[in-house]
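The structure appears below as structure tokens.
Protein chains: 2
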Amino acid sequence: MTIDMNLESIKCDCKQCKLKSLFFSHVTIEELTDICDIKEERAYSKGDIITKEGDVIKEFLYLKEGLVKLSKSTTEGKDQIISFSKPFDFVSLLSIFSSDVYKYSVSAIEDSHVCILDLNLVKNHASKNAMFAMDLMKRVSEATDKIVLDNLEIRRKHLKGRVAHVLLYFAKYIYEKDEFELPVSRREIAEYIGMTTENVIRTLSEFRKDKIIKIFGKDIQIVDKKRLEGISEFG
Amino acid sequence: MTIDMNLESIKCDCKQCKLKSLFFSHVTIEELTDICDIKEERAYSKGDIITKEGDVIKEFLYLKEGLVKLSKSTTEGKDQIISFSKPFDFVSLLSIFSSDVYKYSVSAIEDSHVCILDLNLVKNHASKNAMFAMDLMKRVSEATDKIVLDNLEIRRKHLKGRVAHVLLYFAKYIYEKDEFELPVSRREIAEYIGMTTENVIRTLSEFRKDKIIKIFGKDIQIVDKKRLEGISEFG
DNA sequence: AACAGCTTATAATAAATATCATAAGTTTTT
DNA sequence: AAAAACTTATGATATTTATTATAAGCTGTT
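See below:
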């Protein structure tokens, strides 16, 4: 059960990185070299914890590949999932500019590659290169905006609508197809949309009985998308 | 019902403004003069809409005085309140760096003074002055962080805990005393914590019967704070 | 292979919350 | 001042959701 056991260090050339333009479109080659010189890239396996709530933030990290969840522990020891993030939309940690410690944990729900930069170095360059700072701001804003809006959406829905919402979320946003393998357990879905595991299972079964989806363990196939959208929108 | 009827334009010297250091600690006097030269300051009355969901964002605005709510309309025509903001923590709009249009409405729930700057001008200066950009980023991050964490808190609580949470929120965070006038209706509290108006009223009545609070219309007095905190924390 | 621990599944029951109905008190409009 | 519209209030009932119990299906470990 050791976390670091299956971590794998990878060599990577930042100048070649496809994601470079996303995060660092306004840094010079010199700045990029400086930042990337002491960078690290790690492979995490499904289930690994990437950063832990409460730890001091020393690194600027972004997801290159895979899928992660942001979560927070409640005082009763239960977890609340805040959001899921894939490479394109996951930029470092939300708290990076507002706190010294992580306010949420990040863990891999699929095998993931994370690029780890020195936070002070990144901040240092941002405080000198305004365009770079603006880029970062846009990214952080977009990420948090998405979280706030998504939470509002979920909040106003009933059980069925919430489960429909999650299924459509994975189908549309994460996998971009109507047949996919759920990267999370029913319990995690429950932690995300704020209901009990039993009711998530029950609702999925109901959708299956109503021929809206097909279920084969973790594999989900959306059969009647229109109807699922209707349930998500109106209950 | 005209919105602009009771708006009042105010003269104000930015260099003297107490809030200057908060938002513009890293701008030069020249930049400040440039930005403030075409600024406007407006007084809004309780109930006035300051910005409307869907409108194009042309202005950078911040609250100098008063209390506002951020809200969003659902497809069914109901409102969801995202957060309340007082001068110190309300920095422009959250969407400002991630969208061209407002994603939420902002309205005054107490008489408020808002300072209105030209958004392009502010962005322009931020994209040249990295320290200023970093300041803005920190502010936006702090504001959104607070919203996300607060929403999580509320989400994991039951009715009583949620109502207790709101009362303590106003007491601790907004008014800093245990006796205050609620700036919102019971319906708005319901829109904030995601429950029905009837249940908000019922829960408040229950707290009154249990001698935890005293109610005189909108005036609330927290009598047994320890107990209210217990309810907020554990239900 | 047998065991423990976890996830998925289903049903019955209990608890939480919403809806509906009704009324008194306030505020706004006419 | 009266009427209309809204807010606060309370009770009864219906609906939604959680809890408890029980079991089968996996997964990893010894």
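Sequence order for the protein chains is A and B. Reminder that position 113 of the first sequence reads as 113 in this note's numbering, one-by-one numbering, no gaps. Just add 1000 to wherever you are in the second sequence, counting from 1, and you've got this note's numbering. Even glycine gets a Cβ: it sits at the ideal position worked out from N, Cα and C.
When secondary structure is reduced to three states using DSSP, Val1148 (chain B) falls in the helix class. Ranked by how close their Cα comes to the Cα of Ser1071 (chain B), the residues B:Glu1040, B:Ile1109, B:Ile1057 have B:Ile1109 in first place. The beta strand (DSSP E) runs of length 3 or more contained entirely in the segment 1045-1101 of chain B are, from start to end of the chain, 1049-1051, 1059-1073, 1079-1085. Looking at the DSSP output, Gln1221 (chain B) shares a beta bridge with B:Glu1179, B:Lys1214. In summary, the residues of the segment 118-142 of chain A whose CB is separated from some CB of chain B by less than 8 Å are Lys123, Ala126, Ser127, Lys128, Asn129, Ala130, Met131, Phe132, Ala133, Met134, Leu136, Met137, Lys138, Val140, Ser141, Glu142, in the order they occur in the chain.
For Lys1211 (chain B), no chain A residue has a Cβ inside 9 Å of its Cβ, as the nearest lies near 26 Å away. Interface residue (Cβ-Cβ distance to chain A less than 8 Å): Arg1156 (chain B) is classified as such.
Within the same chain, Cβ atoms closer than 7 Å to the Cβ of Asp1178 (chain B) are found at Ala1171, Gln1221, Ile1222, Lys1225, the five residues on either side in sequence being excluded. By the criterion of at least three beta-carbon pairs nearer than 8 Å, the segment 1040-1060 of chain B is in contact with the segment 1109-1125 of chain B. Going by C-alpha positions, Asn1129 (chain B) is about 7 Å away from Val1027 (chain B). Taking 9 Å as the cut-off between beta carbons, the residues of the segment 210-234 of chain A near chain B are Glu233, Phe234, in sequence order. Excluding five sequence positions before and after Lys46 (chain A), the CB atoms of its chain that fall closer than 7 Å to its own CB belong to Ala108, Ile109, Glu110, Asp111, given in chain order. Residues of chain A with a Cβ closer than 7 Å to the Cβ of Phe1097 (chain B) are, in chain order, Met137, Lys138, Ser141. For the options B:Tyr1102, B:Ile1201, B:Leu1168, the alpha carbon positioned closest to that of Arg1227 (chain B) is the one of B:Leu1168. Taking a Cβ-Cβ threshold of 7 Å, none of the residues of chain A is close to Asp1034 (chain B); the smallest such distance is about 16 Å. When rounded, the separation of the alpha-carbon atoms in Cys1017 (chain B) and Lys1123 (chain B) is 21 Å. Interface criterion met: the Cβ of Val1148 (chain B) is under 8 Å from a Cβ in chain A. Here Val1140 (chain B) is not near Phe1084 (chain B), since their CB atoms are 8 Å or more apart. Residue burial annotation: Val1101 (chain B) is exposed, with fewer than 16 other C-beta atoms found within 10 angstroms of its C-beta.
Contact with chain B is absent for Asn199 (chain A), since none of that chain's Cβ atoms lies less than 8 Å from the residue's Cβ. Listed in chain order, the non-local C-beta contacts of Arg1162 (chain B) below 7 Å within the same chain comprise Ile1154, Ile1193, Met1195, local neighbours out to five positions each way being set aside. In this structure the segment 144-158 of chain A does not lie against the segment 29-46 of chain A, because fewer than three pairs of beta carbons, one per stretch, are closer than 8 Å. Near chain A, meaning a CB-to-CB distance below 9 Å, the residues of the segment 1087-1115 of chain B are Leu1094, Ser1095, Ile1096, Phe1097, Ser1098, Ser1099, Lys1103, Tyr1104.
Annotation for Asp150 (chain A): Ser83 place their beta carbon closer than 7 Å to its own, counting only its chain and skipping 5 residues before and after.
By the Cβ-count criterion, Gly1066 (chain B) is buried, with 16 or more other Cβ atoms from all chains shown falling within 10 Å of its own Cβ.
In this structure Ser232 (chain A) is buried. Its beta-carbon is surrounded by 16 or more other beta-carbon atoms within 10 angstroms. For Leu136 (chain A), no pairing in a beta bridge is given by DSSP. Residue contact with chain B for Asp55 (chain A): absent (no Cβ-Cβ distance below 8 Å to any residue of chain B). Sorting B:Arg1208, B:Glu1053, B:Lys1069, B:His1125 by C-alpha distance to the C-alpha of Val1184 (chain B) places B:Lys1069 at the top. Interface flag for Gln16 (chain A) against chain B is unset, since no Cβ pair is found closer than 8 Å. Apart from sequence neighbours up to five positions away, the residues of its chain that approach Val1166 (chain B) with a beta-carbon distance below 7 Å are Ile1189, Tyr1192, Ile1193, ordered along the chain.
The beta carbons of Leu1019 (chain B) and Lys1064 (chain B) sit closer together than 8 Å. Secondary structure at His1113 (chain B): strand, using DSSP grouped into helix, strand and coil.
Under DSSP, Asp118 (chain A) shares a beta bridge with A:Glu59.
According to DSSP, Val106 (chain A) shares a beta bridge with A:Thr51, A:Leu70.
Neighbourhood of Ile1082 (chain B) in chain A, by CB distance below 8 Å: Val148, Leu152, in chain order.
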